[in-house]
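Residue numbers (our numbering): 26 to 84.
Have a look at the structure below before the remarks.
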């Protein structure tokens, strides 16, 4: 089993970890109610692409 010959520098270590950062999920604004929602998903108001998919919750 191999043993590291030298200490890994902070620069080398951080370069290796540069791809591990988390990214925020994308959001879009609903044109009907104006709330933020996940793209390509039905909004909580029940609309998707300008069409009512789910019945309204007002009843």
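Positions of the beta carbon are idealized from the N, C-alpha and C atoms, including for glycine.
Around the Cβ of residue i, are there at least 16 other Cβ atoms within 10 angstroms (buried) or fewer (exposed)?
| i | result |
| --- | --- |
| residue 58 | exposed |
Spatial neighbours of residue i within its chain, please: C-beta separation below 6 Å, excluding the five flanking residues on both sides.
| i | result |
| --- | --- |
| residue 73 | 67 |
| residue 70 | 57 and 58 |
From this set, the options, which residue's C-alpha is nearest residue i's C-alpha?
| i | options | result |
| --- | --- | --- |
| residue 54 | 65, 47, 36 and 26 | 65 |
| residue 51 | 42, 61, 35 and 33 | 61 |
For residue i, which beta-bridge partners are listed by DSSP?
| i | result |
| --- | --- |
| residue 53 | 62 |
Can you list, in chain order, the residues of its chain with a C-beta nearer than 7 Å to that of residue i? Leave out the 5 residues immediately preceding and following it.
| i | result |
| --- | --- |
| residue 84 | Its pLDDT being 46, under 50, residue 84 is placed unreliably by the model, and the measurement read from it follows with that caveat. Cβ within range, chain order: n/a, list empty. |
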